[in-house]
Amino acid sequence: MITPLIAENEKRLEPGLESINDTWKDLVDLVEWIMKEKPFPPKQDRQWSQVIIWGETDGLLGLENVKKLLSRYDNATLLISGGVYGREGVIDDIGAIDLYKGLEQELLSMGWKDDDIKRRVLIDSLSLHTGHQGLILSHVLKALSPEEVFVVEPLYHLPRFLLMLGYAMKELGLRANLIPVAYGNWGSLHPAKASKENPERKFKYEELFAFPPMRSLFEDKFDCGEVDKIIQRVKAPNKNCLSFKEFANWLNIKS
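Residue 71 in the working numbering is what sits at position 58 of the sequence shown, and the numbering runs on without skipping anything.
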């Protein structure tokens, strides 16, 4: 499940992982857990017992997964957190409210009623980055007290999203069954992330995950470096991210 390109970065990343008491195996175990096909849990009758988080960072490519989950779990609440609302023209991405509009159009075309769509969706348009999302979404989850949380994210970003959300949930004493629903694969191209030196050369998901941070096409942003960013946030004085090992221990994930 780890591609050759990701494996080539093991030697570069090992010292950083060791500095947060992690190993390369801890990283691989978490990625394999994320990518492993999981059985769908049964539908719960209690409102808010099951929550779907759609924290998109790659256009509308998670839409199909969201539609399937909403249809399978007809009592589930969808929590949309785009993380860029109001800055779409600056960083070439989609904000939470625009994600909702895209979903709404799809569901209406499938015969859903407008009121039924609106009553099942909460929108976080405040979060500007993953750190905000971890903090804000964890407090929303605390209020809803779900038993299961499905997290729909692009594969390259899902590990960091889960580690930061998990840190905030742990701080709040909130335990829920986190179910990763990744979309894309390691060879997927991100439509908005590219080398500043060669804007036509879009980054693959495996590069965004394993390469060191590289200056983005957009001002004050860096692409790639997902693992580096995890290490940085775990080591920061204002830590807001679990390490790979801490997350596995917290969620009782067996390797």
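We treat Cβ as the ideally placed atom computed from N, Cα and C, and that holds for glycine.
Computed from a predicted structure; not experimentally measured.
Can you list, in chain order, the residues of its chain with a C-beta nearer than 8 Å to that of residue i? Leave out the 5 residues immediately preceding and following it.
i    : result
S32  : I244, K248
N253 : G144, G147, L148, M177, Y180, A181, R246
E213 : A207
Exposed or buried, what is residue i when buried is set at 16 or more other beta-carbons lying within 10 Å of its beta-carbon?
i    : result
A20  : exposed
M177 : buried
N34  : exposed
D137 : buried
P55  : exposed
N265 : exposed
N22  : buried
M123 : exposed
E50  : exposed
S151 : buried
S201 : buried
S94  : buried
F216 : buried
R246 : buried
In the DSSP assignment, find the alpha helix (DSSP H) that holds residue i and state where it starts and stops.
i    : result
H145 : 143-157
P8   : Since the first and last residues shown for the chain are 14 and 268, residue 8 lies out of range.
P28  : 23-32
Y113 : 109-122
Please report the distance separating the alpha-carbon of residue i from that of residue j.
i    : j    : result
Y180 : G147 : 8 Å
E166 : W67  : 7 Å
E161 : V64  : 6 Å
G186 : L154 : 11 Å
N262 : D39  : 11 Å
L221 : W46  : 19 Å
G75  : S158 : 24 Å
L164 : V194 : For clarity, residue 164 is Val in the given sequence; the question names Leu instead. In a straight line, the C-alpha of V164 is about 6 Å away from that of V194.
V41  : P17  : 13 Å
F257 : R188 : 17 Å
L171 : P52  : 19 Å
V103 : F231 : Here the model assigns V103 a pLDDT of 44, short of 50, so the residue's position is not dependable, and the following value carries that caveat. Approximately 7 Å, taken between the alpha carbons.
W125 : H145 : 32 Å
N78  : D128 : 21 Å
Tell me which residue opens and which closes the beta strand (DSSP E) that residue i is part of.
i    : result
S94  : 90-94
A195 : 190-196
F163 : 161-167
K56  : It is not in any beta strand (DSSP E) - K56 carries neither H nor E in the DSSP assignment.
W271 : The requested residue 271 is not part of the displayed model; the chain covers only 14 to 268.
F216 : 215-217
I136 : 134-137
A305 : Outside the displayed span of the chain (14 to 268) sits residue 305, for which this structure offers no information.
K206 : 202-207
Take residue i and list the residues in its own chain whose beta-carbon comes closer than 7 Å to its own, dropping the five residues that flank it on each side.
i    : result
G72  : I107, P204
I294 : The chain is shown only over 14 to 268; residue 294 falls outside these bounds and no answer can be derived.
R173 : T143, E239, K242, I243
I130 : E117, L120
F235 : P226, M227, R228, S229
Y98  : With a pLDDT of only 48 at Y98, under the threshold of 50, the placement of this residue in the model should not be trusted; the figure read from the coordinates follows. Taken in chain order, the residues that qualify are G108, A109, I110, S138.
M14  : V44, E45, M48
R100 : Unreliable positioning characterises R100 in this predicted model, as indicated by a pLDDT of 49, which lies under 50. The coordinate reading is nonetheless provided below. Nothing meets the Cβ criterion.
Which residues in the same chain as residue i place their Cβ atom closer than 6 Å to its Cβ, once the five residues preceding and following it in sequence are excluded?
i    : result
F224 : C237
F260 : L176, G179
W199 : T16, Y218, E219
K114 : none
* Are at least three pairs of beta-carbons, each pair with one atom in the region 83-92 and one in the region 59-67, less than 8 Å apart? -> Put simply, the region 83-92 touches the region 59-67. At least three CB pairs are less than 8 Å apart.
* Touching or not, the region 129-136 and the region 187-205, by the rule of three or more beta carbon pairs under 8 Å? -> At 8 Å Cβ cutoff, the stretches do not touch.
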